[in-house]
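Undergrad: This is the structure I have questions about; it appears just below.
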Amino acid sequence: MTTDVNILIRGQSNALLFVANGGARELEKQLEASLPGVNVNIIQHYGDKNSTIHSGTAFLKWDTDGQQQGLLNYVKAEPAGIKDNPTVTLWMHNEYDGNTYGVTTANWMSEVKTDAALVRAALGQSAETTPYVFTYVPYNYAQGTSPKNIQEGMRQLSADPKFNASFDTTAMTGLTMNGDGYAHSSHMGQADAMLVADRLSDSMKGIVSGLAKGDATTPPVATPPVTPPAPTPITPVTGVAKTIGAGADSLVLKISQDAWNGSAQYTISVDGKQIGGILTASASHAAGQDDVITVKGDWGAGSHKVTVNFINDAWGGTAATDRNLHVDGITFNGAALSKDTADLTRSGPVDFGFSKLVASPSPTPAPAPGDTAVIKTIGAGADTLVLKISQDAWNGNAQYTVSIDGKQVGGTLTAGALHGSDSEDTLTIKGDWGTGAHKMTVRFVNDASGTGGDRNLYVEDASFNGSTLGKHESSFKINGPDDFHFTKSADGLGLTFNGTTAKDVFAIQHGDGDVVIGNFTPGADKLRFEGFDQAAMHKVAASEGGVSGTLIIFDATAENVFLPHVTALAASDIIFA
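Going letter by letter, the sequence shown gives residues 1 to 577 in my numbering.
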């Protein structure tokens, strides 16, 4: 019986706010609480070109403006173990289309059907296992009959059994829409996000349950909102057995939990690559029970690392109200690991090393110059730097090294993706770097040129713990180093910029990605937005990495600015140029 079900969230600014304000996580939590044994995986992303959510865009232009391809790229990049799961598409996707004159029901339905066929093909599934749930976001700037025509299209697609959809007409009715700091604005706040999650958990329960059982889905009848009772401590009664991944090798993990106000959740990664989705513990540690999680893969000869990441720690102030996760044992191909237990009493990862021995391994042939994009992880630790790399290949591929604070991580690296193509290498650098400022150095080591060619190296983007670096691009035309600076806050956030005791001005430009600014002081510091539309700016309360603050978003771009610990901004704190 299928126990894993995906929910793909797609849409515009209110989809982003539903996620940022905790609505997606609450929806996942309530569905799993009401459907024991079902693991819900939320698929959502925003902030770059390959996203499921693009603020300030019209769906009817996604096919020509690139957002449709970006969503497909993101879905296709999901691990096979995720794409294989039945997937509900949660549609929060009407604001800018309803704000466009002349949208007809026929045109909107045609575009949705075409888009749905592409998404279902990217998942490798049929309509039967990929139902749609339509919602309609209340938006102040509707034009003509477009909103009415879009909602009629939602109704007609929901009545078509071949398409497989439902329209939850109650999910977003009567919202306060105070995300912009006043009621009846165009964006939802945190209370709205929680209310929408409550309503969706009720209307989607039957859909998710049917998918988990392997039944064909039947659109539910819309019902009035139902507010679930306050959560109560969960007492698991037995362990579960689950297999994730595919391959000849086997890692077997024994997992238990201290459950309080919900079950412990975690992910498992091998060599930095997550396998499966978010897992939910069942077995009681106090009762001596264990979940048995078998992780399958084909891992080459040499040393490897399996990482268990506890993601939803909670504590109510006493030992009896403390949610924890326990790793009670690990084996690789039947042999116990030298380190195979851990007690995770707070959110975060723990690593376990293992090795595979193979006699006389066959050498792997070197790739042809510019052959394919490379995805690679080097180093070990809880912090993450991600580099996007490309090259001009000539008479061989470009090579380089990476150092952090003067210490080289990994060996000599070889680029694969060609500059100017649709692909980039993704290099993930793991480490445990302390609070404060650090320096990453990329060094190009094998420049060459000649008749008809020139070998070069490019850093296309760089981020630390999910935040874009202040300087995040570089072109290497000759051998030599270039430095990139990053800062880790005391909260563990990656900072694009870090404020000083002086009066700072932070310049934000298009293309800077997701920016995080630490130690911003309202009333003294300034945000300078260059090339942005002031009328499209919205400020909302949000949290990232468990840290509360203010998130600034723009309707016309997927770029955001997060200010940790900042609760209010005055108009005088922001400059537009």
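Think of the CB as a built atom: it goes at the ideal place given N, C-alpha and C, for glycine as much as any other residue.
1. The beta strand (DSSP E) that contains Trp91, what's its start and end?
2. Could you check if Pro161 is buried or exposed, using at least 16 other CB atoms within 10 Å of its CB as the buried criterion?
3. Would you give the residue range spanned by the beta strand (DSSP E) that Leu457 belongs to?
4. What first and last residue would you give for the alpha helix (DSSP H) that runs through Glu424?
5. What is the residue span of the beta strand (DSSP E) that Phe18 lies within?
6. Can you round the beta-carbon distance between Gln391 and Leu413 to whole angstroms, since I take them to be within the 8 Å contact cut?
7. For Phe484, which residues from the same chain have a beta carbon less than 6 Å from its beta carbon, with the 5 sequence-adjacent residues on both sides left out?
8. By how many angstroms is the C-alpha of Thr550 removed from the C-alpha of His565?
9. Grab the span of the alpha helix (DSSP H) containing Ser201 for me, first residue to last.
10. For the putative contact between Gly494 and Phe486, defined by C-beta atoms under 8 Å, what is the C-beta separation to the nearest angstrom?
11. Determine the contact status of Asn397 and Ala373, defining contact as a CB-CB distance below 9 Å.
12. Look at the alpha carbon of Tyr101 and the alpha carbon of Thr145, and state the distance between them as a whole number of angstroms.
13. Determine the extent of the beta strand (DSSP E) in which Gly277 is found, giving its start and end residues.
14. List the endpoints of the continuous alpha helix (DSSP H) containing Ile150.
15. Which residues share a DSSP beta bridge with Glu544?
16. According to DSSP, simplified to helix, strand and coil, what is Asp343?
17. Looking at Lys339: is its Cβ nearer than 9 Å to the Cβ of Ile293?
18. Under the three-state reduction of DSSP, which class applies to Lys61: helix, strand or coil?
19. Counting only the same chain and skipping the five closest in sequence on each side, list residues whose C-beta sits under 7 Å from that of Gln534.
20. Could you tell me whether the region 241-251 touches the region 285-302, using the rule of 3 or more Cβ pairs below 8 Å?
21. Alpha carbon to alpha carbon, how far is Gln257 from Val327?
22. Looking at Thr129 and Leu211, is the spacing between their C-beta atoms short of 9 Å?
23. For the beta strand (DSSP E) containing Leu132, name the first residue and the last one.
24. Could you tell me which whole beta strand (DSSP E) segments of length 3 or greater appear in the region 463-492?
25. So, Asn140 versus Ser186, is the Cβ gap smaller than 9 Å?
26. Going by DSSP, which residues form a beta bridge with Asp322?
27. Return the CA-CA distance between Ala159 and Ser166, expressed in angstroms with no decimal places.
28. How many Å lie between Gly381 and Gly348 at the Cα?
29. Could you check if Arg323 is buried or exposed, using at least 16 other CB atoms within 10 Å of its CB as the buried criterion?
30. In whole angstroms, what is the alpha-carbon distance linking Asp432 and Lys305?
31. For the pair the region 90-100 and the region 64-76, tell me if three or more CB-CB distances fall below 8 Å.
32. Tell me the DSSP secondary structure of Glu128 in three-state form.
33. Assign His184 to buried or exposed, taking buried as 16 or more other Cβ atoms, counted over all protein chains shown, within 10 Å of its Cβ.
34. Label Phe562 either buried or exposed according to how many other C-beta atoms from any shown protein chain fall within 10 Å of its C-beta, with 16 as the threshold for buried.
35. In chain order, what residues of the same chain have a beta carbon less than 6 Å from the beta carbon of Gln190, not counting five sequence neighbours either side?
36. Using DSSP with H/G/I as helix, E/B as strand and the rest coil, what is Asp115?
TA: Walking through what the data contain:
1. Following the DSSP letters along the chain, one finds Trp91 inside the beta strand (DSSP E) bounded by residues 87-92.
2. Exposed.
3. Going by DSSP, Leu457 is part of the beta strand (DSSP E) stretching over 453-464.
4. Annotation: Glu424 is outside any alpha helix (DSSP H) and is labelled neither H nor E by DSSP.
5. Phe18 -> not in any beta strand (DSSP E); alpha helix (DSSP H) instead, spanning 13-20.
6. No, Gln391 and Leu413 are not in contact; Cβ-Cβ is about 11 Å, not under 8 Å.
7. Once the five neighbours on either side are set aside, the close Cβ partners of Phe484 are Met440, Ala462, Leu469, Lys471.
8. Cα-Cα distance, rounded: 7 Å.
9. That run of the alpha helix (DSSP H) goes 190-213.
10. Right, the Cβ-Cβ distance comes to about 6 Å (below 8 Å), so this counts as a contact.
11. Contact check for Asn397 against Ala373 fails: the beta carbons are separated by 9 Å or more.
12. In this model, Tyr101 and Thr145 are separated by some 8 Å (Cα to Cα).
13. In the DSSP assignment, Gly277 falls within the unbroken beta strand (DSSP E) covering 273-280.
14. 146-158 is the span of the alpha helix (DSSP H), which, as asked, contains Ile150.
15. DSSP output for Glu544 lists Val547 as bridge partner(s).
16. Strand at Asp343.
17. Against a cut-off of 9 Å, the Cβ pair of Ile293 and Lys339 comes out as no contact.
18. Lys61: helix per DSSP, three-state reduction.
19. Correct list, in chain order: Phe576.
20. Because the criterion of three Cβ pairs below 8 Å is met, the region 241-251 and the region 285-302 touch.
21. Those two C-alpha atoms are separated by around 9 Å.
22. Going by C-beta atoms, Leu211 is nearer than 9 Å to Thr129.
23. Note that residue 132 is Tyr in the sequence shown, not Leu. Under the DSSP assignment, Tyr132 falls in the beta strand (DSSP E) whose first and last residues are 132-135.
24. You should have 474-476, 480-488.
25. Their beta carbons are under 9 Å apart, which means Asn140 touches Ser186 by this criterion.
26. Beta-bridge pairing links Asp322 to Trp315.
27. Rounded to the nearest whole angstrom, the C-alpha separation of Ala159 and Ser166 is 8 Å.
28. Rounded to the nearest angstrom, the two C-alpha atoms are 11 Å apart.
29. Result: buried.
30. If you take the alpha carbons of Asp432 and Lys305, they lie about 15 Å apart.
31. Because the criterion of three Cβ pairs below 8 Å is not met, the region 90-100 and the region 64-76 do not touch.
32. Here Glu128 sits in helix by DSSP.
33. By the 10 Å Cβ count, His184 comes out exposed.
34. So Phe562 counts as buried.
35. Sequence-distant Cβ neighbours of Gln190 in its own chain, meaning closer than 6 Å and more than five residues away, are Asn21.
36. If DSSP states are grouped into helix, strand and coil, Asp115 belongs with the helices.
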